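See below for the structure under consideration.
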Amino acid sequence: MIGNKYFNFINSKLKENLALRDIKTNWKQVKQIDKMIMYSTAYQNYQVKLLKFEGNAPINFEKASKYIFENQDAQKSNREVCDQLVNIETIDQDTIITLFKTKSMFLVNSRQILSVQHRRKLSEDEILITRDQIDDHENVPKSDAIKADAKFGVIYLKKINENATHVEIYQLVDPKGSIPVSFINFNQENQFVEFLKDLQNIQKM
């Protein structure tokens, strides 16, 4: 990684992000499609569930890393509620600032998440991609969107062979506001379906 102004912040979150893989108990299986499984569990004092998507996917390791880190447009198109998923600033080859913003739907105001997205090579066959929330950035336009609380956005990719990759994704997002927590947890399965669409896109690369 090239040194940058977010280096200390990224590293301060690293231990917490890595510790997610040490959570071995209390995962509840929510859904399985092919070899990919969605789990959820309670996390600390959050009412919203911590999600884990895990499994062996028939995708190339390098192509998966490139797609997840770089292809914001394709990921946006797979998410029905997404209004914006854009690169706000490129810090270095492995660090960018991204803005995710949802559409306003019915009586629910749009939400937004501003993140430092960072790619780190843990070994020759393993990559970690983190999306750590930040408060503000000079390139973000003024908006009436509510800032969601994105506690975790963590993706592990581990190469099995040229055509298979083990994937683990951890996500915890509290949209804040007056949305009932039961409704949020109920609709988390949509995120699993969106992620599977990403895997399908990677297979076509």
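Just so it is clear: in the sequence shown, position 71 is 1112 by the working numbering, and no numbers are missing.
Note that the Cβ used here is the ideal one computed from N, Cα and C, for glycine as well.
This structure is a prediction, so every number in the text was calculated from the model and none was measured.
CA-to-CA, the gap between residue 1056 and residue 1063 works out to about 11 Å. In the three-state reduction of the DSSP assignment, residue 1203 falls in the coil class, being assigned neither a helical nor a strand state. The C-beta of residue 1163 has fewer than 16 other C-beta atoms within 10 Å across all chains shown, which makes the residue exposed. Secondary structure in the segment 1193-1238: the alpha helix (DSSP H) runs of 4 residues or longer, each lying completely within the stretch, are 1222-1227 in chain order. Residue 1233 is a Cβ neighbour of residue 1092, given a cutoff of 9 Å. For the options 1096, 1117, 1198 and 1136, the alpha carbon positioned closest to that of residue 1048 is the one of 1136.
Counting of Cβ neighbours within 10 angstroms places residue 1131 among the exposed residues, the total staying below 16. Ranking 1079, 1096, 1102 and 1155 by CA distance to the CA of residue 1186 puts 1155 first. Non-local C-beta neighbours of residue 1105 in its own chain, meaning closer than 6 Å and more than five positions away in sequence, comprise 1198, 1206 and 1243, ordered along the chain. Residue 1126 and residue 1116 do touch by the CB rule: their CB atoms are close to 6 Å apart, below 8 Å. Contact between residue 1203 and residue 1101 holds: CB atoms are separated by about 6 Å, below the 8 Å threshold. Comparing C-alpha distances from residue 1087 to each of 1229, 1237, 1240 and 1213 shows the shortest one belongs to 1213.
Within the same chain, and ignoring the five residues on either side of residue 1124 in sequence, the residues whose Cβ sits closer than 7 Å to its Cβ are 1142, 1143, 1144 and 1151.
Within the DSSP bridge table, the entry for residue 1145 names no partner. Apart from the 5 residues on each side of it in sequence, residue 1074 sits with its Cβ closer than 7 Å to the Cβ of 1237 in its chain, given in chain order. Cβ atoms of residue 1146 and residue 1122 come within 8 Å of each other, at about 7 Å. About 7 Å separates the beta carbon of residue 1113 from that of residue 1139, a gap short enough to meet the 8 Å contact definition. When DSSP states are grouped into helix, strand and coil, residue 1187 belongs to the strand group. In the three-state scheme derived from DSSP, where H, G and I count as helix and E and B as strand, residue 1067 is classed as coil.
Residues of the same chain with a CB within less than 8 Å of the CB of residue 1054, apart from the 5 flanking positions on each side, are 1171 and 1173 in chain order.
Residues of the same chain with a CB within less than 8 Å of the CB of residue 1230, apart from the 5 flanking positions on each side, are 1071, 1072 and 1079 in chain order.
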